[in-house]
Amino acid sequence: MTATAGRAGGSALPAETEAAIAQVLEAADLDWAGGREEVERELRAHFEDGLATGTSPAELLRRFGDPVATGRRIARTRAAGYRTGRGAALGPRMRDWLSEPRRAARSLVRSPAFSLVVILTLALGVGANTAVFTVLDAVVFQDLPYAQPERLVRVYESRVEDPAALGFLRVPIFREYRSWDDVFESMAAIYTYREVGADLTDRDQPVRVTLVRVSAGYFETLGVAPQLGRTFREGESFGPGEAAESTGLIAPVAVISHRLWADHFGGDPGLVGRTVRLDDAPFQVVGVMPAGFVNPFGPEGDVWIPQDMRLGGSNNFGNSYLSAVGRLRPGITVAGAQERAETLSTAYGEREPEASYQYPRILPLQDDVVGATRADALDPRGRFPARAPDRLSERGQPFGCSRTGSR
Amino acid sequence: MTSWGHDENGEAWMTLEREWMRGAAPLAVLTLLERRAMYGYELVQALEAGSGGLLSMGQSTVYPLLYNLEARGHVHAVWREAPNGRRRKYYRATPAGRVWLERQRKQWTTLVTAMASLGVADAAAE
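The listed protein sequences correspond, in order, to chains S and C. For the first sequence, the working numbering assigns the number 65 to the initial residue and increments by one for each residue that follows. For the second sequence, the working numbering assigns the number 1377 to the initial residue and increments by one for each residue that follows.
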């Protein structure tokens, strides 16, 4: 610190007295301009008055005493509550608020290497905290993006001999569960057994899209309406008629995602009703979902097509391949639904021998979707989910497989 | 420690132990500022002259002391022009400072009376 730095008015003093003032100010470490300036002005006045009496600078300094000790006393006094300058009109706390950032800024400027370390450390800390909060926000705090998500459940098929196992549903079993309208307001199937892709070939260059098969009532169960057009009709998924031995479609219709509509079709409002080609097969676009719609589990879809839910063919008791989401009737709790479903399941098993020893397991959809991820996110040991929420949760791939080949 | 001696002119001097000075200095400063407002150097000179040099502490010591009294609300400071035409920071005792000073005076009086009763004052004078 130099004697002239921040000089607070007055005439120039002998160098040794300037140095003494500088020592006081340095030791006092006054941390805001007003206080520092005021003390400096006062000390300068002191030496001016002393010199005016004809006292030599050396004698003045001898009488003045130890400047460093004086500075330290001023610092202690300040710490005890003394403030001067523009901070004096403010309360002590407000003055602290003003002074501490200035003190910090001066310290950082004095030590650039240390400052760099501090800034990098803060940046890393802020970044890590942001990442953690982003995960927690997505996994823990945010509700699922569906209407009345607390009424949504994931429905598994379980077995009496292994209650802990959660399995894919067979089509006949699914249809039975779906008919329990004192439990479910609606219920829908989604094919998550395997991720399916298709080439969108309506342009010169094919575009690979993710194809998701869902039953009629899927979007309605989630409570999300299409932005354009419609969703699947009952007959496009449940018949009439019987299913074939191999994968088939009752109706070649498709609902597409907002992203595909915007990016590939340029947000064309006239797209609904037109035919597009998926793996060279024609599909009529009947609807466009709103931006942000995602499947609660399974792949993130670009195109949804109706799952053949008719009985017969490969849709038999030997083929477990469906995932299911249900919406409970208003007023029905998950526990109540589970209890009622077990009773109905027992009765069903008595009249349908191939349905014996099964019963549904009903879990809140929120817990099912984020359960494992939530546990990871809250794990104090710092294990982190790879993405959040993981739509293909551990429960997203239940036990069970098709005896006749997956569909 | 307290010490006695003579300066180069043969005049007697004595310095007080730090603890004595710590107790006496604020009382002495506030007593002077109760009479009239003073700025720093003026106050230093008045202390030296008024105490026969006994309270001629390092002159710089008076500033932290004044800041402390100001922080406690016992003195109020204002910058104004001094007789020499320059602006100086004048300190004066506040009403709260006067109340505090009165209490301190009573304590000092009581202490001195008690010490005198014990013969301490007489012994010190000998």
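Every residue, glycine too, gets a C-beta built ideally from N, C-alpha and C. Since the structure is predicted, the reported quantities are computational estimates derived from the model, not experimental observations.
Next on the checklist: Please report whether the beta-carbon of GLU106/S lies at a distance below 8 angstroms from any beta-carbon of chain C.
Outcome noted: yes
Checklist entry - Along chain S, in chain order, which residues have C-beta atoms closer than 7 angstroms to that of ARG1464/C? => result ALA109
Next on the checklist: Taking only three categories from DSSP, how would you classify HIS110/S?
Outcome noted: helix
Checklist entry - If we ignore side chains and look at the alpha-carbon of each, how far apart do VAL1496/C and MET1397/C end up? => result 19 angstroms
Checklist entry - Using the beta-carbon of each residue, which ones in chain C are nearer than 9 angstroms to ILE138/S? => result TYR1439, PRO1440 and TYR1443
Item to check | Coarse secondary structure for THR274/S, derived from DSSP in three states | outcome: strand
Checklist entry - Does ARG100/S get closer than 8 angstroms to chain C when you measure Cβ to Cβ? => result no
Checklist entry - CA-CA distance, ARG393/S and GLY365/S? => result 27 angstroms
Checklist entry - Can the beta-carbon of ALA1422/C be found closer than 8 angstroms to that of LEU1408/C? => result yes
Checklist entry - Which class does GLY261/S belong to by DSSP, given the choice of helix, strand or coil? => result strand
Next on the checklist: Mapping the DSSP letters down to three states, classify TYR1415/C as helix, strand or coil.
Outcome noted: strand
Checklist entry - Counting along the chain, where does the alpha helix (DSSP H) carrying LEU323/S start and finish? => result This sequence places Arg at residue 323/S; Leu is not what is there. Its alpha helix (DSSP H) spans residues 322-327.
Item to check | Residue burial classification, TRP1476/C (beta-carbon count within 10 angstroms, cutoff 16) | outcome: buried
Checklist entry - If you draw a straight line from the alpha carbon of ALA405/S to that of TRP244/S, how long is it in whole angstroms? => result 8 angstroms
Item to check | For MET373/S: DSSP bridge partner residues | outcome: Bridge partners of MET373/S: none, in fact.
Item to check | Nearest-angstrom beta carbon gap, ALA318/S and VAL336/S [assumed within contact, 8 angstroms] | outcome: About 10 angstroms; that fails the 8 angstroms criterion.
Next on the checklist: Please report the distance separating the alpha-carbon of THR185/S from that of LEU172/S.
Outcome noted: 14 angstroms
Next on the checklist: For a test of the three-state rule: what should DSSP assign to ALA318/S, helix, strand or coil?
Outcome noted: strand
Item to check | Close Cβ partners of GLY303/S (< 6 angstroms) along its chain, the five nearest in sequence each way excluded | outcome: ARG374
Checklist entry - Would you say GLN1435/C faces chain S, with C-beta separation under 8 angstroms as the test? => result yes
Checklist entry - Could you give the residue range of the alpha helix (DSSP H) that holds ALA396/S? => result A quick correction: the sequence has Ile, not Ala, at residue 396/S. ILE396/S -> no alpha helix (DSSP H), and no H or E assigned at all.
Next on the checklist: Determine whether the beta carbon atoms of TYR1415/C and LYS1482/C lie at a separation below 8 angstroms.
Outcome noted: no
Checklist entry - Nearest-angstrom Cα distance between ASN193/S and PRO363/S? => result 29 angstroms
Next on the checklist: If you follow the beta strand (DSSP E) that GLU1457/C is in, where does it begin and where does it stop?
Outcome noted: 1451-1457
Item to check | Alpha carbon of LEU77/S to alpha carbon of TYR1467/C, nearest angstrom | outcome: 24 angstroms
Checklist entry - CB-CB under 6 angstroms to ALA139/S, same chain, minus the five flanking residues each way: which ones, in chain order? => result ALA92 and ASP93
Checklist entry - Comparing the C-beta of THR81/S with each C-beta of chain C, is any distance below 8 angstroms? => result no
Checklist entry - How would you call TRP368/S, buried or exposed, if buried means at least 16 neighbouring beta carbons within 10 angstroms? => result buried
Checklist entry - For GLU78/S and chain C, any beta-carbon pair shorter than 8 angstroms? => result Residue 78/S is actually Pro in this sequence, not Glu. False, the Cβ-Cβ gap to chain C never drops below 8 angstroms.
Checklist entry - Would you say GLU300/S and PRO370/S are within 8 angstroms of each other, going by their C-beta atoms? => result yes
Checklist entry - Can you name, in chain order, every residue of its own chain whose Cβ lies under 7 angstroms from the Cβ of LEU107/S, other than the five neighbours on each side? => result ILE85 and VAL88
Next on the checklist: According to DSSP, is TRP368/S part of a helix, a strand, or is it coil?
Outcome noted: strand
Checklist entry - Beta-carbon of GLY114/S versus every beta-carbon of chain C: anything under 8 angstroms? => result yes
Next on the checklist: Residues of chain S with CB closer than 9 angstroms to the CB of GLY1416/C, please, in chain order.
Outcome noted: GLU106, LEU107, ALA109, HIS110 and ASP113
Next on the checklist: Suppose contacts are defined by Cβ-Cβ distances below 8 angstroms. Is LEU313/S in contact with VAL389/S by that definition?
Outcome noted: no
Checklist entry - Roughly how many angstroms separate the alpha carbons of THR1470/C and GLY129/S, rounded to a whole number? => result 28 angstroms
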